[in-house]
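In the numbering used here, the protein residues as written are 53 to 308.
Contents: one structure, followed by commentary.
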Amino acid sequence: METTSQSTYWCLHVRDAATARAAEGMLFRALRGQYEGFVDTYFNRVISELLSRVFLALRFPPNAVTMVATAIGVFAAVAFAKGTYAAGIVGALLFQLAAIVDCCDGEVARLTFAESSFGEQLDIMTDNVVHIAIFAGIGWGAFVAQGGWQSSASRPWLPLALGGAAVFANVMALWLVARAKVIGKRRGWSHPEQAARVEFILKNMASRDFSVILLLFAAIGKLSWFLWMTAIGSNVFWIMLAWITRPSTISMGQRA
């Protein structure tokens, strides 16, 4: 048996159990996506390889794996909404697990030759559903933790506003990223530097590295700090993306 990889062009003759294991390892390492951060590369992918083997053994289709990751992410949001320290830890751990399982759907799809445009779009949409649920859950949890409307805080509505701002920013970023991908494929950018900036932003948009940051804030009992950081940072992000992908940056010779 020979195995090959389109990305690295390797070939391995499988003659026994040892070479079979080596081939499997090389296959999984070749499955890493184009846009991955440090945590995905050195932590999530290590564990997702083990889970993907389980999903493959159970004959889970890739889209079913996507829905499993989504369900775990939604449960994480529900935990955050409880507003307690323990629930915050549970929520952060569940979200980290969701990020790991989210790596598995692509691995299963590529290994079973079941990649599809629908599956890709489903993965993108469910990722954002989870992010929106997480931001909303943390906002509501912070609101509950301070006592709700009966809180002695001068602005009891602030956690809800911060959560809403993060949700709004996520929706705007999703739309702008989708538009940027269409422009990049169909029209092109006016300068190579522009294309490089967009590529950098898309890479960071797809990264799940913030799951570790969220876990850190949950561990020290400061999810409200994460809420502030997300509400401000995500809105700065989509505004920057809107400016970088503005119509005037589209290649003049390729405009529709």
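Glycine included, C-beta positions come from ideal geometry on N, C-alpha and C.
Does the stretch 187 to 201 come into contact with the stretch 146 to 157, if we say contact requires no fewer than three beta-carbon pairs (one atom in each stretch) closer than 8 Å?
By the criterion of at least three beta-carbon pairs nearer than 8 Å, the stretch 187 to 201 is not in contact with the stretch 146 to 157.
Rounding to the nearest angstrom, what Cα-Cα distance links Ser203 and Asp175 in this structure?
39 Å
Going by C-alpha to C-alpha distance, which of Thr297, Arg97, Ser276 and Pro113 sits closest to Phe132?
Ser276
What would DSSP say about Gln198, mapped onto helix, strand or coil?
Residue state, collapsed to three classes: coil.
Measure the Cβ-Cβ separation of Asn287 and Ala221 and say whether it is below 7 Å.
Contact annotation: Asn287 and Ala221 have beta-carbon atoms nearer than 7 Å.
Let's see if you can read the secondary structure: which residues bound the alpha helix (DSSP H) around Glu167?
No alpha helix (DSSP H) holds Glu167; DSSP gives it neither H nor E.
Specify the secondary structure class of Gln306 as computed by DSSP and reduced to three states.
For Gln306, the predicted structure reports a pLDDT of 48, less than 50, and the residue's modelled location is therefore unreliable. A value from the coordinates is still provided. It is helical.
Any idea what DSSP makes of Gly158, helix, strand or coil?
The DSSP-derived three-state label of Gly158 is helix.
Quick one, which of Ala270, Ala230, Phe195 and Asp154 has its alpha-carbon nearest Asn294's?
The sequence shown places Ala at residue 294, rather than the Asn named in the question. Out of Ala270, Ala230, Phe195 and Asp154, Ala230 has the C-alpha closest to the C-alpha of Ala294.
With DSSP run on the structure shown, which of helix, strand or coil describes Leu266?
helix
Could you tell me the distance, in whole angstroms, from the CA atom of Leu163 to the CA atom of Arg111?
12 Å
Does the distance from the CB of Cys156 to the CB of Asn96 come in under 7 Å?
Going by C-beta atoms, Cys156 is not nearer than 7 Å to Asn96.
Starting from Leu108, trace the alpha helix (DSSP H) in both directions and tell me its first and last residue.
Arg97 to Ala109
Helix, strand or coil for Phe147, going by three-state DSSP, please let me know.
The DSSP-derived three-state label of Phe147 is helix.
Can you check which of these residues, Ala205, Val219, Phe195 and Gly125, is closest to Asp321 by C-alpha distance?
Summary: the structure shown does not reach residue 321, with the chain confined to residues 53 through 308, and so no result is reported for it.
By the DSSP assignment, the alpha helix (DSSP H) with Ser286 in it spans what residues?
Leu275 to Ile296
Count the other CB atoms, across all protein chains shown, that sit within 10 Å of the CB of Trp290; report buried if there are 16 or more and exposed otherwise.
buried
Near Phe127, which residues of its chain fall below 7 Å by C-beta distance, leaving aside the five closest residues on each side in sequence?
Leu146
Considering only residues of the same chain and omitting the five flanking positions on each side of Ala121, which have a CB-CB separation below 6 Å?
Excluding residues within five positions, the ones whose Cβ falls inside 6 Å are Ala150, Val153 and Asp154.
Mapping the DSSP letters down to three states, classify Thr136 as helix, strand or coil.
coil
Quick one: is Ala197 buried, meaning 16 or more other Cβ sit within 10 Å of its Cβ, or exposed?
buried
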